[in-house]
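Here's the structure, in structure tokens; my notes come after.
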Amino acid sequence: MFKKITLLSIFLTVNFLFSQTVTTVSDGNFYDGIGQDSLGNIYCSDFSGDSVFKYSIEGIVTTFASGFSSPNGIGVNEQDEIFICDASANTIFKYSLNGTLITNYTIGINNPTGIKNIPGTTDMLIVEYNNDTLKRLTLDGTISTLFSGFPLNGPSGIAFINGETFISNYDDRKIMRFKDRNMTLLNQLPATAPNNNVLGFLTASNDQLYATLPGAHQIYTINPISGNATLYAGSIQGSANGDISAATFNFPNGILADTANNRIYVSDAGTSNLRIIENVTLSTSEFETNTINLSIFADRKSDMIGIKANLNSSEKINIKIYEITGKQVFSKDYSVSNLAFFETINKNTFNSGTYIVLFTQDNVLSSKKITL
């Protein structure tokens, strides 16, 4: 037993010697949705233009296809066919790896923004922005509706973890679990940007969800079990490379995990550059040791909101509260005298409604929703 633990410790130590770093590809115009074929080539749409660009495994950028109205989400099926959403043209185009157009789908398609291959099948999952609709496209071209309406609100992101499906909304930054034809809220990311408080796209790596907040120039991880959200990368608007803790992003939008190579690809809409995050090795168990076990409740016997957290350090903390519209209504720093943290806030200062509570300590962020 001792030998097994020692070997595991050595493995984890070596694993973390390779820090996560960010580099930039400046050729081409990488603006929006991202897809990847089985060879490892990357495809990214230029929503502000009319083309889809390819970043090959050799590091060469070429134009893969052009002539679109507003290319958006990209997906690749198990047969390495490339699906490209053209949102304003109400069309999904299907291409071969060599860039030959195979077919397009227009009947039953309305404003598609995201498309991904359903694991273990040749079918594609589609989200439609204007319709707030989730659809399935089979290999024979059959399109069926799986879900429509609330809580979808301008959906764009799709990700899969261990057979479960997750969908994200562009408009209100909500991330939901889709199961048995039901949508349940997992988290709503904070509205901390001065404007453009939207969620770009969603991906999954090592049992974690990753989502971009373009207006905040940040990327978050979301635990698919607890729903806890943690700031993963980004701080201010910029294009700094290097260690993930110092790297900055410029309206990060598209995001795609390359789990085979421990990478995450991000399209910076502000510069139309492709950003590559290397050595992404975080797993669920490792992630949990760096999160804050947070619980928030409204005490019915008093006029107080209770906030409890099991902390990992004695560093000071900050609590911010936002209205669902993104307006900040509370912010306060707290010194830590006990790792079993507990604080109350008078709820009479808030109107009835739904709020997002952000709890930050030592660059680790957790968020919870509360309705008063």
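Going by my numbering, the first residue of the sequence shown is number 321, and it counts up by one from there. Cβ atoms here follow ideal geometry from the backbone N, Cα and C, with glycine treated the same way. Computed from a predicted model, the values in this text were never measured in an experiment.
Here the alpha carbons of Tyr351 and Gly395 stand approximately 15 Å from one another.
Asn581 sits in a helix when the DSSP states are folded into three classes. In this structure, the straight-line span from the alpha carbon of Asn599 to that of Met444 is close to 29 Å. Apart from the 5 residues on each side of it in sequence, Pro510 sits with its Cβ closer than 7 Å to the Cβ of Tyr642, Ile676, Leu678, Ser687 in its chain, given in chain order. Its chain contains no residue whose beta carbon lies nearer than 6 Å to that of Phe470 once the 5 sequence neighbours on both sides are disregarded. One alpha carbon belongs to Ile637, the other to Asn431, and they sit about 43 Å apart. In the structure shown, Pro534 adopts helical secondary structure according to DSSP, grouped into three states. Counting only the Cα atoms, Asn613 lies some 13 Å from Ile545. If you ignore the 5 residues before and after Gln648, its C-beta comes within less than 7 Å of the C-beta of Lys640, Tyr642, all in its own chain and listed in chain order. Secondary structure at Lys667: helix, using DSSP grouped into helix, strand and coil. In this structure, the alpha-carbon of Glu484 lies about 29 Å from that of Thr680.
Val372 is positioned such that its CB atom lies closer than 7 Å to that of Ile404. A direct Cα-Cα distance of roughly 11 Å separates Ile438 from Phe486.
Positions of the beta strand (DSSP E) runs, each at least 3 residues long and wholly inside the segment 551 to 596, are given as 572 to 578, 583 to 588 in order along the chain. Excluding sequence positions up to five before and after Gly474, its CB lies within less than 6 Å of the CB of Tyr449, Asn489, Tyr490, Asp491, all in the same chain and listed in chain order.
Ile584 and Gly562 have their C-alpha atoms roughly 14 Å apart.
Residue state for Glu448 is assigned as strand, using DSSP reduced to three classes. Assignment of Ser686 by DSSP, reduced to helix, strand and coil, places it in the strand class. In the DSSP secondary-structure assignment, Arg497 is bridged to Phe486, Thr504. Taking every protein chain shown into account, the CB of Gly461 has fewer than 16 other CB atoms within 10 angstroms, so this residue is exposed. For Gly393, the secondary structure class from DSSP, reduced to helix, strand or coil, is strand.
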